[in-house]
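Heads up, the thing below is written out as structure tokens.
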Amino acid sequence: MKGIKLGNKESKYPIIQGGMGVGVSLHKLAGNVSKEGGIGVISTADIGYKEEDFNTNPLKANLRAIGTEIKKAREIAGEDKILAVNVMVALKNYADIVKECVKQKIDLIISGAGIPKDLPEYIKGSKTKIAPIVSSLRCCKLIVKHWITKYNYAPDMIVIEGTEAGGHLGFKPEELEEGNKPKLEDITKEVVEYIKEVEKDTGKKIPVISAGGIWDKNDIEKFLGLGASGVQMATRFVATNECDASEEFKKAYVEASKENIKIIKSPVGMPGRALNNNFIKKVENEKSKITKCYGCIKTCNVATTPYCITKALINAVKGNLDEGLIFVGSNVHKIEKIVPVHDLMQELVGV
Numbered sequence: 029m030k031g032i033k034l035g036n037k038e039s040k041y042p043i044i045q046g047g048m049g050v051g052v053s054l055h056k057l058a059g060n061v062s063k064e065g066g067i068g069v070i071s072t073a074d075i076g077y078k079e080e081d082f083n084t085n086p087l088k089a090n091l092r093a094i095g096t097e098i099k100k101a102r103e104i105a106g107e108d109k110i111l112a113v114n115v116m117v118a119l120k121n122y123a124d125i126v127k128e129c130v131k132q133k134i135d136l137i138i139s140g141a142g143i144p145k146d147l148p149e150y151i152k153g154s155k156t157k158i159a160p161i162v163s164s165l166r167c168c169k170l171i172v173k174h175w176i177t178k179y180n181y182a183p184d185m186i187v188i189e190g191t192e193a194g195g196h197l198g199f200k201p202e203e204l205e206e207g208n209k210p211k212l213e214d215i216t217k218e219v220v221e222y223i224k225e226v227e228k229d230t231g232k233k234i235p236v237i238s239a240g241g242i243w244d245k246n247d248i249e250k251f252l253g254l255g256a257s258g259v260q261m262a263t264r265f266v267a268t269n270e271c272d273a274s275e276e277f278k279k280a281y282v283e284a285s286k287e288n289i290k291i292i293k294s295p296v297g298m299p300g301r302a303l304n305n306n307f308i309k310k311v312e313n314e315k316s317k318i319t320k321c322y323g324c325i326k327t328c329n330v331a332t333t334p335y336c337i338t339k340a341l342i343n344a345v346k347g348n349l350d351e352g353l354i355f356v357g358s359n360v361h362k363i364e365k366i367v368p369v370h371d372l373m374q375e376l377v378g379v
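The numbering of the sequence shown is this note's numbering, which starts it at 29 and goes up by one.
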């Protein structure tokens, strides 16, 4: 398996660890994935939730934590490894978060949960590379054409997230029903063919990365065979010693059953895949009282939202699962134990 080339750096293996917020993929997980030959991804979603001033000034806390987490991840991975962040377009302070990541000299920004229309603007004059997350060929064309027309900038990478991914999904609810789901294999083939034309026109090599429900070496090889340069995987990396979430959170993955996975309507305004735990059952029947707004998501209306997604995700990552939202991928029920990142990476590449 060949690695993923990005600027003057190249990963050993074609595996990106998906960004998981709040606090699930921070410096420990991302740093170790990069150290072991993949591309580790720090999630910037409410990254400063442990900071003392998070409740009073969440933006200031988040911006400070970005620098701290990137620095610590670099110390683990080494300067020669590729390190990335995930920044959701849906964040109210999206531009501020992106600019801080650029200031901290992050190698790659992966951006989804919306259309990152102006992302090239924020990286001008830096070495930071950018990759939009797309869910279809149409979405991919829209972003690529806009970036090239407005900024004369082709993406440095494309990440395709299919219907089997965890967390927020870029599909209509009806597209997530059995029988209606677009296949990741089909989307990958379409995007790979389109990107070949973009590469010809721009002279720029653009790796295409497939994500969503990818489980093992066979899956990785299948998507590489379809023309992808690599895969992104998130769920499997939760069940590692180095994952930044609590042990209770990790155990929820190990103990999850297929029947307990549910598509929910997130306060972000998108469908999401999560565990159907006591918290989800409760908020389906009654609105959860919101005593504090963290100003995280553009589309969230405190008056109408069923619960505060920031509080629910923080509760979950800390281990208060009955009051927490636990995002998962569609294959979470296959996880049997918690392992070191090193062992998981070796298994995935067949060493």
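For every residue, glycine included, the Cβ atom is placed at its ideal position computed from N, Cα and C.
These figures come from a predicted structure and were not determined experimentally.
Within the same chain, and ignoring the five residues on either side of G140 in sequence, the residues whose Cβ sits closer than 6 Å to its Cβ are I161. Under the three-state reduction of DSSP, Q374 is assigned to helix.
Between I43 and M298, the C-beta gap is not smaller than 8 Å, which leaves the two residues out of contact.
Annotation for I223: I186, I234, V236 place their beta carbon closer than 7 Å to its own, counting only its chain and skipping 5 residues before and after.
The alpha-carbon separation between V311 and L341 amounts to approximately 14 Å. Rounded to whole angstroms, I143 and K169 show a C-alpha spacing of 12 Å. Note on geometry: alpha-carbon atoms of S39 and K317 lie some 45 Å from one another. Residue state for V113 is assigned as strand, using DSSP reduced to three classes. Note that the C-beta distance between G47 and V113 is below 8 Å. Its Cα nearest to that of I94, the residue I70 stands out among D81, F82, K245, I70. Between I137 and I158, the beta carbon gap of about 5 Å places them in contact (Cβ cut-off 8 Å). Taking a cut-off of 8 Å for Cβ pairs, the segment 298 to 307 and the segment 77 to 93 do not touch, as fewer than three such pairs fall below it. The three-state secondary structure of F199, taken from DSSP, is coil. In this structure, the CA atom of A273 is about 43 Å from the CA atom of K228.
L372 has its alpha-carbon roughly 23 Å from the corresponding atom of E97. Shown here, G59 sits in a helix according to DSSP, grouped into three states. Taken in chain order, the complete alpha helix (DSSP H) segments of 4 or more residues contained in the segment 66 to 145 are 86 to 105, 122 to 131. Pairing K120 with I325 gives a Cβ-Cβ distance under 8 Å.
With contacts defined by Cβ atoms closer than 8 Å, D214 and L376 do not form a contacting pair. Taking the CA atoms as reference points, A239 sits about 19 Å from T72. Your pair Y322 and D74 checks out as a contact, with CB atoms roughly 7 Å apart and the cut at 8 Å. L147 carries a helical assignment under DSSP once its states are collapsed to helix, strand and coil. Between V126 and V172, the C-beta gap is not smaller than 8 Å, which leaves the two residues out of contact.
A182 is positioned such that its CB atom lies no closer than 8 Å to that of I188. For P210 and L254, the gap between their C-alpha atoms comes out near 16 Å.
Following the DSSP letters along the chain, one finds K217 inside the alpha helix (DSSP H) bounded by residues 212 to 230. About 35 Å separates the CB atoms of N305 and L252; that is not less than 8 Å, and the two are not in contact.
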